[in-house]
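Following full-length UniProt numbering, the numbering of the sequence shown begins with 1 at its first residue and continues without gaps. Each remark here refers to the structure printed beneath this line.
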Amino acid sequence: MVADLYRRRWRIEDAFNTVKRLLGLSYLWTGSINGIKLQLWATWLFYAVLVDLGDAVADELSLPFDDISLEMIYRGLYHFTTAHQKGKATDPIKYFADPQNRDLGIIKQRRKPNVKLIVAPFPDLQRGSDQFFFNNSLKAS
């Protein structure tokens with residue numbers, strides 16, 4: 001439970017990182033307070049729409065939301081717009097969930113599992129066992 005809460009804490013950090021880096025909120029367009037408020041509200045509103053779109057794509061693919069890359073959905077909006085203008089796509093959710101569009105990278109790649117480092121003179125002989133370090137069979141008397 002604590003690990004799950006800690007993992008969710010990073011969602012806030014990821015949201016701020018995405019909004020600043022991807023959506024350009026790290027720079028303010030103007031110095032007026034009204035312009036700053038307008039930029040903040042517009043950026044966070046667009047981020048909310050992006051999250052909603054990502055959630056809908058995750059539901060369409062029957063995947064957890066964490067497996068969907070919001071950055072790649074944002075970058076894929078250009079491709080959807082192009083396909084929409086050519087009359088090839090009408091629904092962005094169906095477009096991103098289509099198996100033909102898997103090359104957009106909407107689904108995050110799985111990381112390789114961590115492999116334990118075996119510190120032994122003959123590691124191939126010890127890979128299947130629980131022994132990961134030198135076996136000190138000769139004890140000093």
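The beta-carbon is built from N, C-alpha and C at its ideal position, and this holds for glycine as well.
query = Quick one: Cα of proline 99 to Cα of lysine 20, how far?
reply = 31 Å
query = How is isoleucine 68 classed by DSSP in three states: helix, strand or coil?
reply = strand
task = Please determine, among Ser62, Ile106, Tyr47, the residue with the shortest C-alpha to C-alpha distance to leucine 22.
result = Tyr47
ask   = Is isoleucine 93 closer than 8 Å to methionine 72 when the C-beta atoms are compared?
value = no
query = Would you say valine 57 and alanine 97 are within 8 Å of each other, going by their C-beta atoms?
reply = Yes, the pair counts as a contact, with Cβ atoms nearer than the cut-off.
ask   = If you draw a straight line from the C-alpha of proline 64 to the C-alpha of lysine 112, how long is it?
value = 19 Å
query = Should phenylalanine 80 be labelled buried (16 or more other beta-carbon atoms within 10 Å of its own) or exposed?
reply = buried
query = Who does isoleucine 107 pair with in a DSSP beta bridge?
reply = Ile68
key: Contact belief for glycine 35 with tryptophan 29 at Cβ below 8 Å, rounded distance in angstroms   = 6 Å
message = Taking 8 Å as the limit between beta carbons, can you name the residues of its chain near residue 182, skipping five residues before and five after?
response = Nothing about residue 182 can be reported from this structure: the residues present for the chain run from 1 to 141 only.
inquiry  = Please state the DSSP three-state secondary structure of lysine 88.
reply    = coil
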